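Protein sequence lines, in the order shown, are assigned to chains F and D. For the first sequence, the positions run 13 to 421 when this note's numbering is used. For the second sequence, the positions run 13 to 421 when this note's numbering is used. Some notes on the structure that comes next.
There are 2 protein chains.
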Amino acid sequence: MAKKSALLLRNATIVNTTPGGTFEITPKATIDIRDGRIAAFGNKSATASDRAEFEVVDLGGRVVTPGLIDCHTHLIYGGSRVEDFEARLKGKTYREIATSGGGISSTVQATRQASAAALAKHARARLVRMAAAGVTTVEIKSGYGLDLATEEKMLRVARSISGTSGVEVRTTFLGAHALAPEFSGDKKGYLKYASWVMMPELARLGLIDMVDAFCEGVAFDAKELGGYFDAATRLGLPIKAHLDQLGDNSAAAMLVSYNALSVDHLEHLSDASIRALSGSQVVAVVLPGAYYFLGDTTPPPIAKLRAAGVRIALATDHNPGTSPLESILLAMNMACILFGLSPAEALRGTTTHAAAALGLGDRGEIAIATRADLAIWEISHPAELSYHIGMSPLWARVCGGDFIHAHIS
Amino acid sequence: MAKKSALLLRNATIVNTTPGGTFEITPKATIDIRDGRIAAFGNKSATASDRAEFEVVDLGGRVVTPGLIDCHTHLIYGGSRVEDFEARLKGKTYREIATSGGGISSTVQATRQASAAALAKHARARLVRMAAAGVTTVEIKSGYGLDLATEEKMLRVARSISGTSGVEVRTTFLGAHALAPEFSGDKKGYLKYASWVMMPELARLGLIDMVDAFCEGVAFDAKELGGYFDAATRLGLPIKAHLDQLGDNSAAAMLVSYNALSVDHLEHLSDASIRALSGSQVVAVVLPGAYYFLGDTTPPPIAKLRAAGVRIALATDHNPGTSPLESILLAMNMACILFGLSPAEALRGTTTHAAAALGLGDRGEIAIATRADLAIWEISHPAELSYHIGMSPLWARVCGGDFIHAHIS
């Protein structure tokens, strides 16, 4: 990692994406970076007078994209869920496992028992591997604690590992992930505890950037979540929701009314919900890793979302139960293969639209004054980012202005 | 890489698989390795008198499996096929692309034009990445030359890169991959050239370990391939075939009659063909990467193959057109998720059965006198090898007795 007040990338092939879902390629470009932000970029060379203070890196024509953003992960947890995996291969459904003591509950137990140090060690290793796929920002959710002490532990770990391998972490409180065992049979009571005890305290501690809920038959109904979202709004915290993964919950309109950042999963999103999202600023986040891992056969309605002008992002949804996927590049490949996104849409879904899904206006595009988060690739065409399966052609990243070489093997 | 006449691995959790498709786990074991072979293994400690000449490595309880074997790859080629990928995402089928100048033909052109040095450079990089997933043996096919000079160039490159990162390469002549442009309209003439000119000459040069053919509607019919397989048999070369990927070719019985090592792909394998394979020594090699990448919806008949007692192997099928997949671990994951193999069957499919698909009796199991090819993993249960998506928990490999640490990031 090299630090200098200014960095000049020369001989870059800059790749952005357009709202229409195509690549916008600028060859033979320079990118001037000062104080961690992009000061200038394009085909014109930097002014000679500035050269002395610049660290200069010649990219030899390599492709430069915005640093990739993984906008939906459950990266911090104890244990694994390899037993659930074997159970599913023997024919059990996710719903059956979830309602029979496996599923999220087992991860909640393991996460409560794990020390902060152990959680941090594993999560850090995951961040390092995610960085190897060109990631510079990762969202991490709580939600495997379901009590104040563990939710706080998870979120403190998330804050503490921010910056690992140059990856910035954004935190999301997911108290409404599942019913805490202490509140068995009392969803209302648990949601009050989450909304009136956990959320304000964790917000006061500065540990929450966003609030998320698992709005699904196996978890919480939209109408049960009103108070929880109201609490977030009172605290000034933006909202997102897991939605319509296992069935149609008809809750998209409600999320629009809360000016949600995003609704995520969406396999069973109805036409009415698409109409509700159309024209709103809510981003549709699709999660092909979970779709793949669960053997789903109903993909999210990508063509309809596209036609409705809804911005589509995608993410790994890394979690031990339904998406033990760590590579954002593989998520992009799956979004193309399984959901029919184009390679340019997949890149936009992990840059511009992923930034929007996190409410971050300062990154996701190579543009003047944005944060200098970049990924530099050993490829000849940007579609290759979605084409390869199970390998990363990353050459280097720039993270907040710092140049970080990839470990090329 | 450390070399010594003898290596003693202590505190290993040895994992083999059984013919019935379960894990066979031996905890707290030692593995004694001499002259590149396994001299002894099990719960008993090594005899004290031998200790001095041994390099000793304490594995701290880590899981040790046979080194993984990727028994079906097209690893050496020029160019990429990212344009085909984009065409397919716009709705073109593999068959349409293959019959309209794209597909294999474009790779043949690029491979003919590429220098041996360029081919070797890219293939070496792929081998290094494959090694990072625990691979110790890789099969590589020719078949992107379709003329003597290029087929020889490919096979010489394959031989020359054997040993990269400790990975041993086995070579397969795939002259009958597609019709050479010089023989347009004359399949019979091309197969004679492949059988009577290329195959004997490349065999004489010692470049061929096995012979393969693409037996499929878009390539060659079973009845057209008789002379080609006869030529291989005369040269004493074992046979395998790409079969029933795009449709039922009813050729399995013919391959059984040639004592083929394997038949590969098998999405459209008929019940009659399964009966023909049952009781034979022919291995069924399934290739979930191509199934996934092509968006196929008819998986190979795994349950029927299992019931018929046919040994099932699996591989990456790495190739630029239909399976740009480099990770054997991801192939195992896909075989479980998409085809319904159990994690133990997936491991057996990349060890014992993959060795059989290559006619190699000296590897694929941790057993006395087998080649000391091992993979050592940072996992707590062997099912984790198939559970993770897009990451490798490899800690080290032993390749022909040499201990090679993985690059842990």
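Yeah, the Cβ is synthetic: ideal placement off N, Cα and C, and Gly gets one too. The structure displayed is predicted, hence computed values, not measured ones.
### Query
Taking the alpha-carbon positions, what's the SER174 (chain D) to SER335 (chain F) distance?
Start at 1 with the first residue of the second sequence, and residue 174 (chain D) comes out as number 162. Start at 1 with the first residue of the first sequence, and residue 335 (chain F) comes out as number 323. Looking at the two C-alpha atoms, the distance is approximately 35 Å.
#### Entry: Host beta strand (DSSP E) of MET346 (chain F) (start-end)
The count along the first sequence starts at 1 and reaches residue 346 (chain F) at position 334. Taken as a continuous stretch (DSSP letters only), MET346 (chain F) belongs to no beta strand (DSSP E), being part of the alpha helix (DSSP H) at 340 to 351.
### Message
Judging by CA-CA distance, which residue of F:ASP414, F:VAL181, F:GLY412 and F:ALA395 is the nearest neighbour of ILE37 (chain F)?
### Response
What you label residue 37 (chain F) is simply residue 25 of the first sequence in a count that begins at 1. Looking at the Cα atoms, F:ALA395 is the closest of the given residues.
### Query
Can you tell me where the beta strand (DSSP E) with ILE45 (chain D) in it begins and where it stops?
Position 33 of the second sequence, counted from the first residue, corresponds to residue 45 (chain D). Segment 35 to 46, the beta strand (DSSP E) holding ILE45 (chain D).
### Query
Does any C-beta atom of chain F lie closer than 8 Å to the C-beta of TYR106 (chain D)?
Counting from 1 along the second sequence, the entry for residue 106 (chain D) is found at position 94. No, its Cβ sits nowhere closer than 8 Å to a Cβ of chain F.
#### Entry: Spatial distance of SER112 (chain D) from PRO313 (chain D) (CA atoms)
The count along the second sequence starts at 1 and reaches residue 112 (chain D) at position 100. The count along the second sequence starts at 1 and reaches residue 313 (chain D) at position 301. So the two alpha carbons sit approximately 31 Å from each other.
#### Entry: Beta-ladder partner(s) of THR119 (chain F), from DSSP
Walking along the first sequence from the start, residue 119 (chain F) turns up at place 107. THR119 (chain F) pairs with nothing; no bridge assigned.
### Message
Using the Cβ count rule (16 or more neighbours within 10 Å means buried), how would you classify ASN55 (chain F)?
### Response
For the purposes of this step, residue 55 (chain F) is taken as residue 43 along the first sequence, with counting starting at 1. So ASN55 (chain F) ends up on the exposed side.
### Cα-Cα separation between VAL75 (chain D) and ASP96 (chain F), rounded to whole angstroms
Position 63 of the second sequence holds residue 75 (chain D). Position 84 of the first sequence holds residue 96 (chain F). Rounded to whole angstroms, VAL75 (chain D) to ASP96 (chain F) spans 20 Å at the Cα level.
### Task
Measure the beta-carbon distance from PHE185 (chain F) to MET211 (chain F) and round it to whole angstroms, keeping in mind my assumption that it falls under 8 Å.
The count along the first sequence starts at 1 and reaches residue 185 (chain F) at position 173. The count along the first sequence starts at 1 and reaches residue 211 (chain F) at position 199. Confirmed, Cβ separation roughly 6 Å.
### Task
Measure the C-alpha to C-alpha separation of THR362 (chain F) and THR30 (chain F) and round it to an integer number of angstroms.
By one-based count along the first sequence, residue 362 (chain F) stands at place 350. By one-based count along the first sequence, residue 30 (chain F) stands at place 18. The straight-line gap from Cα to Cα measures roughly 13 Å.
### Query
Over what stretch of residues does the alpha helix (DSSP H) that includes ILE391 (chain F) continue unbroken?
Residue 391 (chain F) sits at position 379 when you count from the first residue of the first sequence. Per DSSP, ILE391 (chain F) belongs to no alpha helix (DSSP H) and is neither H nor E.
### Task
State the DSSP-derived secondary structure class of ILE378 (chain D), mapped to helix, strand or coil.
For the purposes of this step, residue 378 (chain D) is taken as the residue at position 366 of the second sequence. The answer is coil: DSSP assigns ILE378 (chain D) none of H, G, I, E or B.
### Query
Any idea what DSSP makes of LYS204 (chain F), helix, strand or coil?
On the first sequence, position 192 is the one that residue 204 (chain F) refers to. LYS204 (chain F): helix per DSSP, three-state reduction.
### Message
Pairs of beta-carbons, one from the region 322 to 335 of chain D and one from the region 351 to 365 of chain D, closer than 8 Å: are there three or more?
### Response
yes
#### Entry: Nearest-angstrom Cβ-Cβ length linking ILE340 (chain F) and ALA51 (chain F), presumed shorter than 8 Å
By 1-based counting over the first sequence, the position of residue 340 (chain F) is 328. By 1-based counting over the first sequence, the position of residue 51 (chain F) is 39. Actually they are not in contact, since the Cβ atoms of ILE340 (chain F) and ALA51 (chain F) sit about 27 Å apart, beyond 8 Å.
#### Entry: Cβ shell of GLY33 (chain F) (< 7 Å), same chain only, five flanking positions each side left out
Sequence index remark: in the first sequence, residue 33 (chain F) carries index 21 (1-based). Here the set comprises SER354, ALA356, GLU357 and ARG360.
#### Entry: Distance between beta carbons of THR245 (chain D) and TYR270 (chain D), contact taken as under 8 Å
Within the second sequence, numbered from 1, the residue matching residue 270 (chain D) stands at position 258. Within the second sequence, numbered from 1, the residue matching residue 245 (chain D) stands at position 233. Contact annotation, TYR270 (chain D) with THR245 (chain D): C-beta distance approximately 7 Å; criterion of less than 8 Å satisfied.
### Query
So, does the CB of ALA60 (chain F) fall closer than 8 Å to a CB anywhere in chain D?
Here residue 60 (chain F) refers to the residue found at position 48 of the first sequence. Because the pLDDT of ALA60 (chain F) is 47, which lies under 50, any placement of that residue in the model is unreliable, and the number read from its coordinates should be weighed accordingly. No - not a single Cβ of chain D is within 8 Å of the one on ALA60 (chain F).
### Query
Should THR328 (chain D) and GLY352 (chain D) be called a contact, given that it needs their Cβ atoms to be closer than 8 Å?
Within the second sequence, numbered from 1, the residue matching residue 328 (chain D) stands at position 316. Within the second sequence, numbered from 1, the residue matching residue 352 (chain D) stands at position 340. No, the Cβ-Cβ distance between THR328 (chain D) and GLY352 (chain D) is not below 8 Å.
### Task
Kindly indicate which three-state DSSP category LEU186 (chain D) falls into: helix, strand or coil?
Indexing the second sequence from 1 puts residue 186 (chain D) at position 174. LEU186 (chain D) falls in the strand class under three-state DSSP.
### Task
Classify LEU247 (chain D) as helix, strand or coil using the three-state DSSP reduction.
For the purposes of this step, residue 247 (chain D) is taken as the residue at position 235 of the second sequence. Note: LEU247 (chain D) maps to coil in three-state DSSP.
### Query
Taking the alpha helix (DSSP H) that VAL322 (chain D) falls in, what are its first and last residues?
Counting from one through the second sequence, the residue named residue 322 (chain D) turns up at place 310. Careful: VAL322 (chain D) lies outside any alpha helix (DSSP H) and carries neither H nor E.
### Query
Taking 8 Å as the CB-CB cut-off, is VAL94 (chain D) touching chain F?
Counting from one through the second sequence, the residue named residue 94 (chain D) turns up at place 82. True, the Cβ-Cβ gap to chain F drops below 8 Å.
### Task
Check whether the region 65 to 82 of chain D touches the region 374 to 393 of chain D, taking contact to mean three or more Cβ pairs, one atom from each stretch, closer than 8 Å.
yes
### Query
Quick one: any contact between the region 89 to 108 of chain D and the region 399 to 414 of chain D, if contact means 3 or more CB pairs under 8 Å?
no
### Task
Report the residue from F:GLY259, F:MET166, F:ASP198 and F:LEU160 whose alpha carbon sits nearest the alpha carbon of LYS153 (chain F).
As a position in the first sequence, residue 153 (chain F) is number 141, starting the count at 1. Considering only alpha carbons, the answer is F:MET166.
### Opposing strand residues paired with PHE53 (chain D) [DSSP bridges]
Here residue 53 (chain D) refers to the residue found at position 41 when the second sequence is read from its first residue. Beta-bridge pairing links PHE53 (chain D) to D:ILE43.
### Neighbour list for PHE305 (chain D) in chain F, Cβ cutoff strictly below 8 Å
For the purposes of this step, residue 305 (chain D) is taken as residue 293 along the second sequence, with counting starting at 1. What PHE305 (chain D) touches in chain F: ILE349 and ILE401.
### Query
With respect to the beta strand (DSSP E) encompassing GLU67 (chain D), which residues constitute its N-terminal and C-terminal limits?
Counting from 1 along the second sequence, the entry for residue 67 (chain D) is found at position 55. Unbroken beta strand (DSSP E) run through GLU67 (chain D): 66 to 70.
### Task
Could you tell me which of D:GLY291, D:MET344 and D:ALA263 sits nearest to GLU228 (chain D), measuring between CA atoms?
To locate residue 228 (chain D), count along the second sequence from 1; it is residue 216. When each option's Cα is compared against that of GLU228 (chain D), the closest is D:ALA263.
### Message
Between GLU396 (chain F) and chain D, is the shortest Cβ-Cβ distance under 8 Å, so that the two count as touching?
### Response
Position 384 of the first sequence, counting from 1, holds the residue named residue 396 (chain F). Residue contact with chain D for GLU396 (chain F): present (Cβ-Cβ distance below 8 Å to some residue of chain D).
### Task
Name, please, each residue of chain F whose Cβ falls closer than 7 Å to the Cβ of GLU151 (chain D).
Counted from its first residue, the second sequence places residue 151 (chain D) at position 139. Residues of chain F passing the Cβ test: none, with the nearest at roughly 18 Å.
### Message
One question on the structure: do VAL120 (chain D) and ALA190 (chain D) come within less than 8 Å of each other, judged by their Cβ atoms?
### Response
Locating residue 120 (chain D) in the second sequence gives position 108, counting from the first residue. Locating residue 190 (chain D) in the second sequence gives position 178, counting from the first residue. Contact: yes.
### Query
At which residues does the beta strand (DSSP E) containing MET222 (chain F) begin and terminate?
Within the first sequence, the letter at position 210 stands for residue 222 (chain F). MET222 (chain F) -> beta strand (DSSP E) spans 222 to 227.
### Task
Closer than 7 Å by beta-carbon distance: list the chain F residues that pair up with PHE97 (chain D), in chain order.
In the second sequence, counting from the first residue as 1, residue 97 (chain D) sits at position 85. Those are ALA395 and TYR399, listed as they occur along chain F.
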